[in-house]
Each structure stands twice: as structure tokens, then as C-alpha cells.
Ligand code: NAD
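In this note's numbering, the protein residues as written are 2 to 471.
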């Protein structure tokens with residue numbers, strides 16, 4: 002027999018993975034609370050056991066230091082597991098429903114039902130966190146899952162595949178490593194939920210493929226997350242928070258402050274504080290700092306390099322970059338115009354442009370004129386202005402006085418809105434994302450009060466109905 006073409010073999014292989022997971026879901030493997038908890042415990046053990054390998058892989062792919070990997074990757078996944086183990090029983094407890102007088106006597110409850118076989122497609126920038134945190138939610142929800150880590154962070158993809166294959170049950174979770182070809186074949190299959198994290202461009206490809214099977218999607222996308230620094234704030238403290246948020250993971254963070262707006266006076270006063278903050282976090286030579294990361298690839302570095310205008314740099318710039326070492330220095334640009342190249346796309350690198358505005362009104366107008374950001378940042382001492390930002394702008398989340406740290410907590414749903422995504426997860430929101438809230442209602446056959454709504458609609462019956470429907 003002739004051997005089938007390579008992609009046919011790959012397709013058959015991936016189809017077999019998906020159908021094995023579907024069979025095990027149908028057999029009820031993932032339904033029980035104890036089984037879910039056992040799989041979460043297995044993931045926790047796997048994380049502990051594989052931690053050194055994951056830390057090494059993250060260092061290789063992104064130059065992440067051990068502590069940063071614990072803080073922003075492994076620790077986040079671990080917290081999600083702890084939170085789910087602690088609360089799963091109560092999250093799954095059916096919620097009573099109030100069905101109103103027309104249905105009385107009756108009872109109703111909301112039952113959290115697993116969705117089935119899910120697909121989780123992850124990006125490269127927080128490759129452990131953004132693969133495993135959704136997986137925790139998938140397992141907690143009682144689903145099976147195919148994991149597709151990003152090929153752009155290959156060492157971490159391999160370490161994750163090893164973790165899953167060694168520590169988790171293949172009746173629950175399977176890993177498919179690879180890039181566009183593998184993902185395209187996966188997207189041809191029918192899933193019960195696709196959870197995608199990455200760019201809006203690929204998000205559209207995923208949503209289109211999902212529509213073919215009417216599969217629901219959760220899209221965790223990116224975009225430009227603005228910062229406005231109001232007059233009168235503690236600039237030294239604000240600068241440290243902005244610098245940390247911008248330059249962590251060399252700016253390759255979906256919710257990194259993308260650009261900064263302030264009045265000309267505040268912008269001028271802020272710059273020395275930003276420079277000082279960079280020195281205090283990464284020293285005089287960030288290149289030698291153990292805690293300063295690297296760009297994921299030369300291609301990504303060159304894309305960001307092209308956004309830098311050296312004449313506007315007060316820190317860093319193209320001359321200090323080392324493409325072979327995938328090093329881009331922390332770079333700050335001042336007097337940036339709205340139509341400069343750096344404002345045309347999400348920067349996703351260690352470049353902070355500063356733009357001046359007349360004041361909060363213009364800042365709000367600029368934010369409203371752009372896509373809805375994943376996160377919006379405001380530093381202000383004015384509680385009224387904070388309220389105005391909450392009421393007059395739309396974003397996945399609004400962070401007042403801090404950057405980045407808010408998404409580390411399982412206590413807050415994390416997700417975007419509009420161009421920055423749909424759906425949210427983390428903690429209970431993750432369980433909700435990976436389950437269907439099914440109302441289960443019961444009404445005794447006697448007394449047969451439903452007779453009230455059956456025709457013929459006599460005058461007294463209509464009058465009674467009108468009263469009940471008020
Ligand atoms: P990426 O290139 O790793 O792509 C993400 C995933 O999509 C990968 O698994 C990849 O294999 C797959 N993919 C790529 N091209 C594909 C195609 N043509 N068809 C099918 N699948 C394909 O990551 P990226 O897109 O460069 O990620 C960066 C973006 O992700 C940024 O916009 C960032 O803001 C966003 N992001 C969002 C979040 C969030 O939580 N909202 C987190 C991280 C990153």
C-alpha cells in the first residue's frame with residue numbers, strides 16, 4: 002500500500018486524539034468532583050516536579066529569570082489550582098432560581114454542566130501561565146482538553162508537553178505541539194469550546210473556523226493598553242509601577258502599558274522618574290541584569306526595532322540593541338505624535354512612547370477613539386476622575402494606580418472586550434467559562450396551576466394574567 006501524504010497522517014493522528022478525548026468525556030470520565038480534584042492534584046504535582054525544567058525552558062525562550070517565572074508563570078497556574086481545589090465544591094453547588102408567581106409552585110436551580118471536549122490554543126509570551134491557567138478551568142469544569150502550546154516558544158512547548166504526558170491522564174488532556182499546520186487541522190475538528198489566547202488576526206481565523214461547527218469561543222486578545230498620568234500624582238511611585246509593567250518580560254505582555262499620556266508639564270516632570278525607576282529595577286546596564294528578559298525571536302525584535310525613532314529616545318534606542326542576542330534595551334520615547342509608526346500597532350516590546358494631551362478630557366477622547374483596550378491604566382488622586390474613566394471608557398479592565406499585578410489574582414475575571422477579546426477566566430470566572438449554566442426547573446403536576454395560562458382566555462383569566470405579569 003502507498004504511504005499516505007504527511008498531512009493525511011497528521012490529520013488522522015490529531016483526529017484520533019480528539020475522538021479519544023470525546024469518547025472519554027462521553028463515558029463520564031471527567032464528570033465526578035473527586036475525579037476533577039484528582040486531576041488538578043496531578044497537575045499540581047506535575048508542576049512541582051517539572052518546575053526546574055519549566056524555569057530552564059522559560060529562560061531559554063524568553064530570558065526569564067527564575068523569580069519572574071515563578072511570579073508570572075508557574076505561580077499563577079499554581080494559584081489557579083489552589084483556588085479551584087478550595088472552592089470547586091461550592092462553585093458547583095446548584096444555585097437556586099426564583100421563578101416568579103406565574104410558575105408557582107415550582108423550584109429551579111442553575112446547574113453547571115461540563116461543555117465536553119475543549120481546545121486551548123496558547124501564545125508564546127507567558128507560555129506556561131497561558132496554557133495551564135485555562136487548563137485548570139477546563140479540568141475544574143469537567144471537560145477534556147487538547148492543549149496547543151505556541152511553537153514560537155519551543156523549549157517551553159516541549160517542557161509543557163512532557164509535563165502533561167508524564168503527569169496527566171491522556172483520557173483528560175492531550176498536547177499537540179506545532180504551528181499553523183497542526184492548529185489548522187485541529188480547527189477543522191468539532192470542539193465544544195475553543196479557548197484562544199493571542200493576536201486578533203489569528204483570533205479571527207479561530208472564530209471563523211469555530212463558526213463552522215457553531216462552537217463557542219473565548220478569545221483572549223491584545224491591543225494597545227493606554228496609561229494616563231494625571232497632574233498631581235506621586236510621580237516617583239507611579240513611574241516605578243509603569244516601568245515594571247512595561248519592561249517585565251521585555252514588554253511582551255498583553256496588558257503591558259503600551260503608551261503613556263500626560264499633560265506637557267507632567268510628562269516633562271515624569272521622565273527623570275522613569276529613568277530612575279529603570280535604573281533601580283535593572284541597573285545601569287539592563288543587558289547584564291539577570292531580571293531583564295529577551296525578545297522571543299529575531300523576527301519579533303526586528304518588528305519592534307522598526308517602531309523606534311532614535312531622535313525621540315531619552316533612553317535606549319536602536320544602537321543599544323543586539324539582534325543576535327535578542328536584546329532590546331528599555332526604550333523611552335518622548336514627544337511622540339499620534340501618527341508615528343509606534344502608535345500604529347500594539348508595541349509588544351520594551352518601548353514606551355510618551356504623548357502629551359491637554360488634560361483628562363483629551364485622554365478620554367483619545368481612548369474612546371481607539372479600539373477597546375485589554376486594560377486601561379489611570380494614575381490620579383482625583384476620585385471623580387477615576388469614576389469618569391470607569392463610566393466614560395470601555396476596556397477589559399481598568400486599573401487605578403497599578404499595572405499588571407491585578408491579573409495575578411484568581412479573585413478577578415480576566416478578559417477583554419471588543420477588539421481585545423470576548424469572555425473571561427481566572428478563578429470562578431474560569432469555571433463559568435468552561436461550563437454551561439443549565440437551569441433545571443421542576444413543577445409538580447398537582448395543583449395544575451398552569452391551567453391558568455391555557456386558552457380559552459376568558460375575561461377573568463386574562464385579567465388575572467395581566468395582574469400576574471405586572
Ligand atoms: P502566537 O504567534 O504564539 O499565536 C498564538 C497561537 O495561535 C499559537 O498557538 C499559534 O500556533 C497559533 N497560530 C498562529 N498562527 C495561526 C494560524 N494562521 N492559524 C491557526 N493558528 C495559528 O502568539 P501571538 O499571536 O503573536 O501573541 C501575541 C498577541 O497575543 C498579542 O496581541 C498579545 O497582546 C496577545 N495576548 C493576549 C493575552 C490575553 O490574555 N488577552 C495574553 C497574551 C498575549
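All C-beta atoms, glycine included, are put in the ideal place defined by N, C-alpha and C.
Quick check on this structure: which residue in the options has the alpha carbon closest to the alpha carbon of residue i?
i: residue 133; options: 160, 114 and 110; result: 160
i: residue 241; options: 284, 278, 35 and 369; result: 278
i: residue 326; options: 342, 289, 312 and 347; result: 289
i: residue 392; options: 262, 172 and 365; result: 365
i: residue 307; options: 10, 343 and 287; result: 343
i: residue 426; options: 117, 170 and 218; result: 218
i: residue 380; options: 228, 105 and 208; result: 228
i: residue 38; options: 76, 83, 29 and 78; result: 83
i: residue 429; options: 453, 68, 81 and 10; result: 81
i: residue 449; options: 171, 102, 106 and 90; result: 106
i: residue 286; options: 59, 316 and 260; result: 316
i: residue 339; options: 421, 435, 387 and 225; result: 225
i: residue 284; options: 312, 248 and 462; result: 248
i: residue 180; options: 305, 158 and 172; result: 158
i: residue 337; options: 304, 462, 324 and 269; result: 269
i: residue 411; options: 358, 42, 116 and 73; result: 73
i: residue 438; options: 467, 129, 201 and 92; result: 92
i: residue 433; options: 6, 8, 116 and 58; result: 116
What span of residues does the alpha helix (DSSP H) with residue i cover, start to end?
i: residue 387; result: 384–393
i: residue 428; result: 428–434
i: residue 258; result: Looking at the DSSP string, residue 258 is not in any alpha helix (DSSP H); the run it does join, the beta strand (DSSP E), is 258–263.
i: residue 461; result: 460–469
i: residue 242; result: 236–248
i: residue 361; result: 361–370
i: residue 186; result: 181–189
i: residue 80; result: 76–93
i: residue 135; result: 130–141
i: residue 230; result: Residue 230 -> not in any alpha helix (DSSP H); beta strand (DSSP E) instead, spanning 226–230.
i: residue 28; result: It is not in any alpha helix (DSSP H) - residue 28 carries neither H nor E in the DSSP assignment.
i: residue 379; result: No alpha helix (DSSP H) holds residue 379; the beta strand (DSSP E) holding it covers 376–380.
Considering only heavy atoms of the ligand FMN, does any lie closer than 6 Å to the CB of residue i?
i: residue 126; result: This structure does not include the ligand FMN; its bound ligands are the ligand NAD.
Is residue i near residue j, with beta carbons less than 7 Å apart?
i: residue 292; j: residue 66; result: yes
i: residue 32; j: residue 143; result: yes
i: residue 501; j: residue 360; result: For residue 501 there is no data in the structure shown, the boundaries of the chain being 2 and 471.
i: residue 424; j: residue 431; result: no
i: residue 148; j: residue 176; result: yes
i: residue 125; j: residue 153; result: yes
i: residue 347; j: residue 223; result: yes
i: residue 318; j: residue 332; result: yes
i: residue 382; j: residue 246; result: no
i: residue 236; j: residue 271; result: yes
i: residue 262; j: residue 399; result: no
i: residue 145; j: residue 22; result: yes
i: residue 329; j: residue 322; result: yes
i: residue 294; j: residue 64; result: yes
i: residue 297; j: residue 275; result: no
i: residue 221; j: residue 422; result: yes
i: residue 401; j: residue 387; result: yes
i: residue 104; j: residue 469; result: no
i: residue 162; j: residue 178; result: yes
i: residue 313; j: residue 186; result: no
i: residue 40; j: residue 195; result: no
Check for me: the beta strand (DSSP E) holding residue i runs from which residue to which?
i: residue 122; result: 118–122
i: residue 167; result: Careful: residue 167 lies outside any beta strand (DSSP E), inside the alpha helix (DSSP H) at 155–168.
i: residue 38; result: Not the beta strand (DSSP E): residue 38 falls in the alpha helix (DSSP H), residues 34–63.
i: residue 407; result: Premise fails: residue 407 is in no beta strand (DSSP E) and is neither H nor E.
i: residue 108; result: 108–115
i: residue 175; result: 174–176
i: residue 221; result: 218–221
i: residue 68; result: Segment 67–70 is the alpha helix (DSSP H) holding residue 68; no beta strand (DSSP E) there.
i: residue 355; result: 352–357
i: residue 146; result: 145–149
i: residue 210; result: No beta strand (DSSP E) contains residue 210, which is instead part of the alpha helix (DSSP H) from 201–213.
Compute the beta-carbon to beta-carbon distance between residue i and residue j, rounded to the nearest angstrom, for a pair I have assumed lies under 8 Å.
i: residue 184; j: residue 122; result: 6 Å
i: residue 131; j: residue 198; result: 5 Å
i: residue 48; j: residue 78; result: 6 Å
i: residue 251; j: residue 350; result: 7 Å
i: residue 394; j: residue 377; result: 6 Å
i: residue 75; j: residue 98; result: No, residue 75 and residue 98 are not in contact; Cβ-Cβ is about 39 Å, not under 8 Å.
i: residue 193; j: residue 118; result: 6 Å
i: residue 44; j: residue 90; result: Contact flag wrong, Cβ pair sits at about 18 Å.
i: residue 19; j: residue 190; result: 5 Å
i: residue 188; j: residue 210; result: 4 Å
i: residue 168; j: residue 50; result: 7 Å
i: residue 441; j: residue 94; result: Actually they do not touch by this definition, with Cβ atoms about 13 Å apart.
i: residue 173; j: residue 30; result: 7 Å
Taking only beta-carbon atoms, is residue i less than 7 Å away from chain D?
i: residue 271; result: In the structure shown, chain D does not exist; there is a single protein chain.
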